[in-house]
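Quick note on our numbering: the sequence shown kicks off at 9 and runs consecutively.
C-beta atoms are modelled at their ideal positions from N, C-alpha and C, and glycine is treated no differently.
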Amino acid sequence: MSNMLYACSILYRTKLPFFLVLNKADIVKPTFAIRWMTDFEAFEEALNEAKSSYMNDLTRSMSLVLDQFYEKLNYACVSSLTGEGMEDVMAVVEKCVEEYREEYRPMYEKVLKERQEETLNKMGELTVKEKVACEVGFDENYVAPTQKVHLGGIDEEDRE
Numbered sequence: 009m010s011n012m013l014y015a016c017s018i019l020y021r022t023k024l025p026f027f028l029v030l031n032k033a034d035i036v037k038p039t040f041a042i043r044w045m046t047d048f049e050a051f052e053e054a055l056n057e058a059k060s061s062y063m064n065d066l067t068r069s070m071s072l073v074l075d076q077f078y079e080k081l082n083y084a085c086v087s088s089l090t091g092e093g094m095e096d097v098m099a100v101v102e103k104c105v106e107e108y109r110e111e112y113r114p115m116y117e118k119v120l121k122e123r124q125e126e127t128l129n130k131m132g133e134l135t136v137k138e139k140v141a142c143e144v145g146f147d148e149n150y151v152a153p154t155q156k157v158h159l160g161g162i163d164e165e166d167r168e
């Protein structure tokens, strides 16, 4: 269950398409985990059966958030040994690529555009002498390095 909390944290911090691969499906079918992800009551039952611990109590208190998280989570069950489920993984990857193009990429482009406009506004506030100093090294063939666009997460990452 702590892995489920960790997955939730990764999704919200990276703001990228995310999918879950349940491996070793040839040894143990991950039907119990899928049932937890799709059936809130089954997840609550599993928590109630486990002995009380900090992680179980935390998970229990966050179970409604986790229910919403898993509602739309993409997943695939695979076996690396037999190759079972690899077609499902490729289908989920393709779905995530489309999700990135339709949802996440426009969000990044919007943030990048806002940052560029903010930079232009700051340039407008410069004195003539400062503008000349900025233009001295101008080369029309120069390609600026790609800016890292970070949309949120912990404070240390926000400052990057």
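So if DSSP puts residue i in a beta bridge, which residue, or which two residues, is it bridged to?
i: F27; result: N82
Would you identify the three-state DSSP class for residue i, choosing helix, strand or coil?
i: Y108; result: helix
i: E95; result: helix
i: L19; result: helix
i: L89; result: coil
i: S60; result: coil
i: A50; result: helix
i: Y150; result: Annotation note: pLDDT 49 at Y150 (below 50); position unreliable, coordinate value reported separately. Coil at Y150, not helix or strand.
i: D65; result: helix
i: K32; result: coil
On a Cα-Cα basis, can you pick out the residue from the options that is closest to residue i?
i: L30; options: E126, S17, M45 and E106; result: M45
i: F26; options: L120, Y62, Y112 and E122; result: Y112
i: Y83; options: F51, L28, K37 and V36; result: L28
i: V97; options: F77, Y14, K23 and A33; result: A33
i: G91; options: E57, E126, I35 and K80; result: I35
i: K37; options: L19, E49, V86 and K103; result: V86
i: R43; options: D65, L81, N64 and I18; result: L81
Looking at the unbroken alpha helix (DSSP H) that takes in residue i, where does it start and where does it end?
i: V119; result: R113 to G132
i: T46; result: T39 to T46
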